[in-house]
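Every letter in the sequence shown is one number past the one before it in this note's numbering, and letter 422, counting from 1, is 403. Report on the structure given below.
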Amino acid sequence: MYQSVTADDVACLRQIAGDENVLVSREALQMYAHDETVGVYAEPEVVVRATSAQQVSQVFQLAQRRRIPVTPRGAGYGLSGGAVPSCGGIVLTLEKMNHILEIDKENLMVVVEPGVITGDIHRAVEAEGLFYPPDPASLDSCSIGGNIAECAGGPRAVKYGVTMHYVCGLQAVLPDGEIIHCGGKLVKNVTGYNLAQLLTGSEGTLAVVTQIILKLVPLPRYQVDLLAPFDSFQAAADTVSRIIANRVLPTTIEFMERDSLLAVEKLLGREVPFRDAAAHLLIQLDGNHLPSVEADMEIVGDLCVEGGAIDLLVARDRATRDRLWEARRKIIDALKHASPVNHMEDVVVPRARIPDLLKAIDAISAEHGLRIMSFGHAGDGNVHVNVLKDDMPLEQWAQLIPAIADQVYRLAISLGGTITGEHGIGAIRRQYLPLALEQAQIDVMRRIRDAFDPNHILNPEKIF
Ligand SMILES: Cc1cc2nc3c(=O)[nH]c(=O)nc-3n(C[C@H](O)[C@H](O)[C@H](O)COP(=O)(O)OP(=O)(O)OC[C@H]3O[C@@H](n4cnc5c(N)ncnc54)[C@H](O)[C@@H]3O)c2cc1C
-18 MYQSVTADDV
-8 ACLRQIAGDE
2 NVLVSREALQ
12 MYAHDETVGV
22 YAEPEVVVRA
32 TSAQQVSQVF
42 QLAQRRRIPV
52 TPRGAGYGLS
62 GGAVPSCGGI
72 VLTLEKMNHI
82 LEIDKENLMV
92 VVEPGVITGD
102 IHRAVEAEGL
112 FYPPDPASLD
122 SCSIGGNIAE
132 CAGGPRAVKY
142 GVTMHYVCGL
152 QAVLPDGEII
162 HCGGKLVKNV
172 TGYNLAQLLT
182 GSEGTLAVVT
192 QIILKLVPLP
202 RYQVDLLAPF
212 DSFQAAADTV
222 SRIIANRVLP
232 TTIEFMERDS
242 LLAVEKLLGR
252 EVPFRDAAAH
262 LLIQLDGNHL
272 PSVEADMEIV
282 GDLCVEGGAI
292 DLLVARDRAT
302 RDRLWEARRK
312 IIDALKHASP
322 VNHMEDVVVP
332 RARIPDLLKA
342 IDAISAEHGL
352 RIMSFGHAGD
362 GNVHVNVLKD
372 DMPLEQWAQL
382 IPAIADQVYR
392 LAISLGGTIT
402 GEHGIGAIRR
412 QYLPLALEQA
422 QIDVMRRIRD
432 AFDPNHILNP
442 EKIF
């Protein structure tokens, strides 16, 4: 169905993007053959580093003429194989379009190119007293274009929502090469279908985003963080429900189980605070009025103690806060260190059902004799479930993982949840889509994709 990239195509791409931005060396093709998803690998035939929307448009015109698949790529930090070129062809990386174009303080908006690293946006707007809340744990590595494509979330989603809640406008290139401008620096806009929101979370299957307008909010003046260790996971999970029911809205409520903490210790080579606790809650509150932030923290602290917290560690300055967050930020690396072959799921359930989810996951772990470590965003119901291969023979592991994934997905769905909260369907969850969505929904989604890309040259073999 697709054509291979020829020497003529490479010459044409060099004319479009310049010699230095068209890569065909072995090392380059290997470098762009994977993201951060364990076990997903496919080499492109050529890599193009675009520097403008016009170049993206010209690449698409060539790809359409020649029926060559195009896979957009940000920083390659995805966890569902979305940037992996499953059908070969062109990897179109936006890494060189990495400029913050404008911080508009009058309209509280920032205009950026897709290759900007998300943490750089945070730092740039915070220097102006403004705040871009979405904070994926990968923020110092991933790009904002990838965040738009995945509708990335992060710990602060509890209070501030996820990427889609900040996208006001997009410039994007359609697979036929047409450049469109959706939305703008507008807080309200109901002019036709909201294509900027449709593209957000579309996993690079509908268009390539080349410029982004994001809403900002004022930077909260005060922030207090609290680490609460519990000697049972159930007690920690019940405390989360009680905090929410008390109508205090923390910025984040993260949880970590003991096994994950011990894995972090091994990676860091030193002890983490409260290493013997069965579970930790990491709670952050922010606001502009210090007495009310402190008053809310008092309520949260009391609820933790009533709920069985063994101790409380409060951070009011950056150094202490970084110490409290270090273990949480290192978990994914620590799990890879503990077992280089592992499998991560990203299910989401109504937050009150987290205890039920974790209890059932313990049973799945016992049933298969595999270590399963869970951590994640207790405040929004999004749990990262990590299955470790350890010393199980590879063949047995490869047979078991689809069955375990199926069990975990059915479990999340039975609790009113779904199969991915922030990492996306990508290449690795395609076959499970019918578990989570009605056939009629899948059919509508396919027709939307066909409307954007009738020849299926953009990021094939993703989502469906
Ligand atoms: C250690 C670690 C921690 C993480 N923590 C979080 C977390 O807390 N929350 C969270 O949500 N995710 C998290 N992730 C997952 C990942 O970082 C996010 O999905 C992120 O949005 C990926 O961005 P990227 O630039 O690396 O995208 P890539 O991996 O390069 O691409 C991801 C997808 O976006 C598409 N894409 C990229 N750029 C564009 C564009 N300009 N136009 C159209 N499509 C495009 C690609 O085709 C692909 O489908 C984590 C990953 C790691 C490794």
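For every residue, glycine included, the Cβ atom is placed at its ideal position computed from N, Cα and C. Here the structure is a predicted model, which means the values were calculated and not measured.
For this session: Taking only heavy atoms of ligand 1 into account, decide whether any of them is closer than 8 Å to the Cβ of V322.
Result: If you number the sequence shown from 1, residue 322 lands on position 341. The answer is no for V322.
Exercise. Excluding five sequence neighbours on each side, which residues of the same chain lie with their C-beta closer than 7 Å to the C-beta of C132?
Worked result: Start at 1 with the first residue of the sequence shown, and residue 132 comes out as number 151. So the qualifying residues of the chain are V143, T144, M145, T181, G182.
Exercise. Span of the beta strand (DSSP E) holding R30?
Worked result: Indexing the sequence shown from 1 puts residue 30 at position 49. Counting along the chain, the beta strand (DSSP E) containing R30 begins and ends at 27 to 30.
For this session: Determine the burial state of N227: buried for a count of at least 16 other Cβ atoms within 10 Å of its Cβ, exposed for fewer.
Result: Against the sequence shown, residue 227 aligns to sequence position 246. Its Cβ having fewer than 16 others within 10 Å, N227 is exposed.
Problem set entry | Spatially closest choice to G63 from R302, P53, G69, by CA coordinates | Your numbering for residue 63 matches position 82 in the sequence shown. For the residues R302, P53, G69, the minimum Cα distance to G63 belongs to P53.
For this session: Tell me, please, whether the segment 187 to 204 touches the segment 264 to 274 by the rule of three or more beta-carbon pairs shorter than 8 Å.
Result: yes
Exercise. If you draw a straight line from the C-alpha of L305 to the C-alpha of R30, how long is it?
Worked result: Position 324 of the sequence shown holds residue 305. Position 49 of the sequence shown holds residue 30. Those two C-alpha atoms are separated by around 38 Å.
Problem set entry | the segment 103 to 120 touching the segment 37 to 55, judged by at least three CB pairs closer than 8 Å | no
For this session: Consider the C-beta atom of P25 and the heavy atoms of ligand 1; say whether any pair is separated by less than 8 Å.
Result: In the sequence shown, the residue the question calls residue 25 occupies position 44. P25 Cβ: outside cutoff for every heavy atom of ligand 1.
Exercise. Just checking, does the segment 15 to 26 make contact with the segment 78 to 94 on the three C-beta pairs under 8 Å criterion?
Worked result: no
For this session: Report the residue from R239, N440, F445 whose alpha carbon sits nearest the alpha carbon of C68.
Result: Locating residue 68 in the sequence shown gives position 87, where the first residue counts as 1. Looking at the Cα atoms, N440 is the closest of the given residues.
Problem set entry | Reduced DSSP secondary structure (H/G/I, E/B, other) of A421 | Here residue 421 corresponds to residue number 440 of the sequence shown, with the count starting at 1. In this structure, A421 counts as helix in the three-state DSSP scheme.
Problem set entry | Host alpha helix (DSSP H) of K443 (start-end) | Within the sequence shown, numbered from 1, the residue matching residue 443 stands at position 462. Neither: K443 is in no alpha helix (DSSP H) and is coded neither H nor E.
Exercise. Name the DSSP beta bridge partners of K196, please?
Worked result: In the sequence shown, the residue the question calls residue 196 occupies position 215. Answer by DSSP bridge pairing, in chain order: M90.
Exercise. Taking L167 as the reference, which of I444, C149, A177 has the closest Cα?
Worked result: The residue given as residue 167 occupies position 186 in the sequence shown. That would be C149, whose Cα lies nearest to the Cα of L167.
For this session: State the DSSP-derived secondary structure class of N363, mapped to helix, strand or coil.
Result: Here residue 363 refers to the residue found at position 382 when the sequence shown is read from its first residue. In this structure, N363 counts as strand in the three-state DSSP scheme.
For this session: May I have a chain-ordered list of the beta strand (DSSP E) segments no shorter than 3 residues that lie completely inside the segment 186 to 236?
Result: 189 to 196, 203 to 211
For this session: State buried or exposed for L120, treating a residue as buried only when at least 16 other CB atoms are found within 10 Å of its CB.
Result: Mapped onto the sequence shown, residue 120 falls at position 139. L120 comes out buried.
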